[in-house]
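Okay, so here's the structure we're looking at.
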Amino acid sequence: MRNEIDLKIFEDLQKADLSSNEAKVYYSLIQHGKKGTIVDEIRKNTNIVRTTIYSVLKRLLEMGLVFEKSDSTGPKGAKMFTAKDPELFFNEIIRKKKKELEALEHINKSTGIKLKMVYLESSKVSEEMVDIFVIPYLKDLLDNGWQVIECIVEKSKITHGFEAYDLTLLNPNAKFVKDAGFLVFKYDRIVENDENTLNYMYETLKIKGKEEILKKDIGVEEVILNDTTINLNGNRYQGFLPKFRFIHDEEFREMTEAVMIPIKDKIFFLWAENHQFITEMTEKIFKIERISQDS
Numbered sequence: 015m016r017n018e019i020d021l022k023i024f025e026d027l028q029k030a031d032l033s034s035n036e037a038k039v040y041y042s043l044i045q046h047g048k049k050g051t052i053v054d055e056i057r058k059n060t061n062i063v064r065t066t067i068y069s070v071l072k073r074l075l076e077m078g079l080v081f082e083k084s085d086s087t088g089p090k091g092a093k094m095f096t097a098k099d100p101e102l103f104f105n106e107i108i109r110k111k112k113k114e115l116e117a118l119e120h121i122n123k124s125t126g127i128k129l130k131m132v133y134l135e136s137s138k139v140s141e142e143m144v145d146i147f148v149i150p151y152l153k154d155l156l157d158n159g160w161q162v163i164e165c166i167v168e169k170s171k172i173t174h175g176f177e178a179y180d181l182t183l184l185n186p187n188a189k190f191v192k193d194a195g196f197l198v199f200k201y202d203r204i205v206e207n208d209e210n211t212l213n214y215m216y217e218t219l220k221i222k223g224k225e226e227i228l229k230k231d232i233g234v235e236e237v238i239l240n241d242t243t244i245n246l247n248g249n250r251y252q253g254f255l256p257k258f259r260f261i262h263d264e265e266f267r268e269m270t271e272a273v274m275i276p277i278k279d280k281i282f283f284l285w286a287e288n289h290q291f292i293t294e295m296t297e298k299i300f301k302i303e304r305i306s307q308d309s
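Okay, so the sequence shown: first residue is 15 according to our numbering, each after it adds one.
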């Protein structure tokens, strides 16, 4: 086990749940093929003391990775040992890992979601701590059990030209994506038909959205934000449908919906698990701003 190839194999065996000594003994036996070998040869090849080798062999025998050859013996009747076919060994490991992964996915869909709810609820922000400007837009949601779990307000217009209200909500009715986003940008001028401002904000929010998703420790490895138009209250608005690829997954999953709604001197940006919840989040906005199909 002195060259680079041996070292790489040795490291890979440890990744397959073998200890350092188990990997050395197993690999030593692999090098002797079906004919196997005796403890003395394993000792010479691994530099592991004899008593330790016997302990390791016992564990490998229990794991089914090593077999004692009953049809042949070595010098002076020494016991012969042979390794399990490495292809069978790795296929077994892969099956085991897949079962473990399936079990973890099941746990995530049940216990994981419950734990997420506990985690989010512990972050609840009292209504008194929420800026009075956004309370009217949230009143119906809060009355229906939604909660504010984060509220960031930036009222200085010097840097960006608007006041920013960035809220994260907890949706009690969502199945998988329990949190939702409610952002308001208030300008000192009418922006609903300002294409430059709207395009800039839309692209900025897309970039920010992707960064926020990847920053969250939820196992997302890649995100695609597909542009779309979203129908709300008889009007069409810019939005995107995020698709996520999680670690260990090959396919992307379409989850959540995001929409940007410019109204007069404000830009609302909302995201939630699905269109139904987006619609619920916008009902009060349209009532307050008196936006209708006839406007």
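Each residue gets a CB set at the ideal place from its N, CA and C atoms; glycine is no exception.
Ignoring anything shorter than 4 residues or poking outside the segment 251 to 309, list the alpha helix (DSSP H) runs there in chain order.
289 to 303
Helix, strand or coil at residue 33 according to DSSP, with G and I counted as helix:
coil
Taking 9 Å as the threshold (C-beta atoms), are residue 80 and residue 27 in contact?
9 Å or more divides the Cβ of residue 27 from the Cβ of residue 80.
Please report the Cβ distance between residue 264 and residue 285, rounded to the nearest whole angstrom; I am assuming they are in contact, meaning their Cβ atoms lie under 8 Å.
About 25 Å; that fails the 8 Å criterion.
Check for me: the alpha helix (DSSP H) holding residue 117 runs from which residue to which?
100 to 121
Looking only at its own chain, which residues have a Cβ that is under 6 Å from the Cβ of residue 216, when we skip the five neighbours before and after it?
252, 274
Environment of residue 276 [buried if 16+ CB atoms lie within 10 Å]:
Around the Cβ of residue 276, a 10 Å sphere holds 16 or more other Cβ atoms; the residue is buried.
Report yes or no: do the segment 162 to 182 and the segment 143 to 150 share at least 3 C-beta pairs separated by less than 8 Å?
yes
With distance defined between alpha-carbon atoms, name the residue in 174, 230, 247 nearest to residue 214.
174
Cα-Cα, which of 241, 94, 30, 304 is closest to residue 105?
30
Residues of its chain near residue 201, where Cβ-Cβ distance is below 6 Å and the 5 sequence neighbours each way are ignored
Take residue 201, set aside five residues on each side of it, and the residues of its chain with a beta-carbon closer than 6 Å to its own are 176, 279, in chain order.
Residues sharing a beta bridge with residue 161, DSSP
184
Using the beta-carbon count (16 or more within 10 Å), is residue 243 buried or exposed?
exposed
Residue 192 in three-state terms, based on DSSP
Here residue 192 sits in coil by DSSP.
Residue closest to residue 287, alpha-carbon to alpha-carbon, out of 206, 196, 95
196
Is it buried or exposed for residue 183, if we count other Cβ within 10 angstroms and need 16 for buried?
Residue 183 should be labelled buried.
When you compare each of 181, 61, 232, 221 to residue 241 by their alpha carbons, which one comes out closest?
221
Return the chain-ordered list of same chain residues with a C-beta closer than 7 Å to the C-beta of residue 228, the five sequence neighbours on each side being excluded.
234, 237
Count the other CB atoms within 10 Å of the CB of residue 110; is the residue buried (16 or more) or exposed (fewer)?
exposed
Alpha helix (DSSP H) containing residue 224: first to last residue?
209 to 229
Among 223, 158, 281, which residue has its Cα nearest to the Cα of residue 255?
223
With DSSP collapsed to three states, give me the class of residue 148.
In the three-state scheme derived from DSSP, where H, G and I count as helix and E and B as strand, residue 148 is classed as coil.
Is it the case that the Cβ atoms of residue 178 and residue 295 are separated by a distance below 9 Å?
no
For residue 283, which residues of its own chain have a beta-carbon under 6 Å away from its beta-carbon, when the five flanking residues on both sides are left out?
Hits under 6 Å: 197, 219, 274.
Alpha carbon to alpha carbon, how far is residue 289 from residue 268? Give it in angstroms, no decimals.
12 Å
Roughly how many angstroms lie between the CA atoms of residue 76 and residue 82, to the nearest whole one?
11 Å
What three-state label does DSSP hand residue 15 in the structure shown?
Legend: pLDDT at residue 15 = 46, less than 50; position of this residue unreliable, value from coordinates given subsequently. DSSP places residue 15 in coil when its eight states are reduced to three.
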